[in-house]
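*Asks:* The C-terminal residue of the sequence shown carries number 465 in the numbering used here, and the numbering is unbroken. Quick reminder that beta carbons are idealized off the backbone N, C-alpha and C, glycines included. Computed from a predicted structure; not experimentally measured. I'd like to ask you about the structure that follows.
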Amino acid sequence: MIRDGGLFGMIVSNKFLRANYGRKVRNLINENAHMIRIVDLAGLPVFHGATVRTIVLLTERTNSKASSLYSPPPDLDKFRSVQAGTMPLDKGTDSISYEVPASALGSDEWNLAAPDVAALMLKMHKDAVPLTIFVEGRICRGIVSGLTEAFVISHEEMKQIVRANPEAKKIIHPFLQGRCIRRYSIEPENEYLIYTPRGIDMSPYPAVQEHLRPFRKKLEQRATKQEWYELQQPQLAYKQWFEAPKIIFPDIATSCRFSLDNDGHFGANTVYFIPTNDLALLGLLNSQAAAFFFKQICAALEGPGEAYLRFFGQYLDGFPVRLPKRKKQHDRLVELVQQMLDLHQRLAEVKGDHEKTALQRQIDATDQQIDQLAYQLYDLTPDEIRLVEESTNR
């Protein structure tokens with residue numbers, strides 16, 4: 072609706088910048104306008120009582136391919152001055168703004184990183200293998216039951232069902248929510264999943280049917296079509312991997328929280344997993360180098376005091392995997408990661424504060440050794456390491 076050379080500005084959520092569903096919006100802007108300026112207010116309380124990662128877009132109707140000015144979020148003091156009307160928004164952000172080339176605003180995503188960050192991201196990709204290729208596309212999502220209260224049961228409920236119906240043990244599996252997954256450890260809530268995929272014969276499981284029957288009306292009202300006793304999205308193709316060793320991680324977290332599951336847990340839709348027990352890959356994914364990468368790539372949600380990153384498959388696909396080529400270095404990385412798994416298990420078991428403090432020191436020291444190996448793998452210079460650690464608040 073705007074004439075050639077006309078200007079348009081608006082305040083919007085920043086979700087469309089990276090998410091797959093924002094591709095059409097990005098294309099529309101790229102094809103019809105020049106982005107003059109993007110003012111990022113993510114993490115700041117722009118709207119009272121609303122949690123939203125806000126940006127201000129200023130555009131011009133033109134085919135110009137000139138660079139755009141990006142303004143990262145100002146500190147809270149400056150923002151308060153803007154709020155109070157004692158400082159205009161442009162003055163509060165001019166000193167921290169920088170230009171991004173038109174090529175950074177592509178249809179796949181908008182890369183608004185500072186030049187030194189963008190250069191480091193490019194370097195990390197050099198000679199690396201994208202994660203999706205490294206794991207043959209197997210970045211998998213957990214199960215959607217359609218009614219958690221029906222299909223997820225407690226330990227006591229599991230025992231009651233199995234006592235009455237021993238065959239039911241075949242379709243009841245240990246279960247994890249995303250919140251149970253920590254970095255190098257799992258904190259299960261002693262829950263179990265009744266696993267009823269499409270086409271299952273329920274005749275051998277009368278006690279399971281008895282448990283599900285009170286939920287029948289709600290189950291029949293689910294959005295998709297299946298038998299009332301069947302899971303909504305059972306991810307049957309992944310069943311063999313659910314039961315095998317795998318790297319698991321939550322869909323939303325403030326930092327890297329990758330762990331190893333050797334106990335055959337089935338995951339909720341808030342759990343993603345990679346069907347491998349490659350400890351070197353696990354260490355790399357939990358490293359500060361990886362944290363730096365994901366902070367630039369993953370879409371974020373606002374949390375109390377910090378942003379929650381969305382570790383969905385689309386954001387992990389391009390993670391640059393560089394594992395040691397020399398056996399000695401590879402074996403050392405695996406050894407350190409195994410130490411981390413063992414130390415976290417011991418930390419969960421000890422009671423005394425003195426023991427916990429001693430173990431935490433060992434964890435921190437081992438963690439730093441893994442980070443140093445990751446820095447070596449990506450050939451990072453001292454200045455680049457400093458940039459990584461400043462970005463991740465290490």
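#1: In chain order, what residues of the same chain lie with their CB nearer than 7 Å to the CB of residue 367, ignoring the 5 residues before and after it?
#2: Is it a yes or a no for the region 162 to 169 touching the region 422 to 432, going by three-plus beta-carbon pairs under 8 Å?
#3: Express the C-alpha separation of residue 278 and residue 194 in angstroms, rounding to a whole number.
#4: Report the CB separation of residue 305 from residue 266 in whole angstroms; it is logged as a contact under 8 Å.
#5: Tell whether a beta-carbon distance below 8 Å holds between residue 264 and residue 337.
#6: For residue 73, list the residues DSSP reports as bridge partners.
#7: Give me the Cβ distance between residue 330 and residue 445, rounded to the nearest whole Å; I'm assuming they're in contact under 8 Å.
#8: Please confirm if the region 242 to 249 is in contact with the region 283 to 298, defined as three or more CB-CB distances below 8 Å between the two stretches.
#9: Whole angstroms is fine: what's the gap from residue 153's alpha carbon to residue 125's?
#10: Could you tell me the distance, in whole angstroms, from the CA atom of residue 341 to the CA atom of residue 90?
#11: May I ask you to report which of helix, strand or coil DSSP gives residue 332?
#12: Does residue 205 pass the burial test, meaning 16 or more other C-beta atoms within 10 Å, or should it be called exposed?
#13: Pull up the DSSP beta-bridge partners for residue 81, would you.
#14: Can you name, in chain order, every residue of its own chain whose Cβ lies under 6 Å from the Cβ of residue 408, other than the five neighbours on each side?
#15: Using the rule of at least 16 other Cβ atoms within 10 Å of the residue's Cβ for burial, across every protein chain shown, is residue 66 buried or exposed?
#16: Quick check: what's the CA-CA separation for residue 324 versus residue 80?
#17: Pick helix, strand or coil for residue 88, following the three-state DSSP scheme.
#18: List the residues that DSSP assigns as beta-bridge partners of residue 312.
#19: Only counting the same chain, and skipping five residues up and downstream in sequence, which positions put a Cβ closer than 8 Å to that of residue 268?
#20: Between which two residues does the beta strand (DSSP E) harbouring residue 244 extend?
#21: Straight-line CA distance for residue 175 to residue 299?
#22: Would you mind reading off the limits of the alpha helix (DSSP H) that contains residue 13?
#23: Can you find a C-beta in chain B that's less than 8 Å from the C-beta of residue 137?
#24: Can you give the Cα-Cα distance for residue 261 and residue 226, rounded to whole angstroms?
#25: How many whole angstroms separate the CB atoms of residue 245 and residue 156, which I take to be in contact at a CB cut-off of 8 Å?
*Replies:* Concretely, from the data shown:
#1: 184, 188 and 192
#2: no
#3: 57 Å
#4: 7 Å
#5: yes
#6: Answer is none; residue 73 lacks a bridge partner.
#7: In fact, because the Cβ distance is near 17 Å, the residues do not count as touching under 8 Å.
#8: no
#9: 15 Å
#10: 17 Å
#11: strand
#12: buried
#13: 128
#14: 350, 353 and 354
#15: Residue 66 is absent from the model: the chain starts at 72 and stops at 465.
#16: 32 Å
#17: helix
#18: Paired residue(s): none; residue 312 is not in a bridge.
#19: 301, 302, 305, 307 and 310
#20: 243 to 247
#21: 48 Å
#22: Absent from the model: residue 13. The displayed extent of the chain is 72 to 465, so no value can be given.
#23: No chain B is present in this structure, which holds just one protein chain.
#24: 6 Å
#25: That belief does not hold up - the Cβ atoms of residue 245 and residue 156 are roughly 57 Å apart, past 8 Å.
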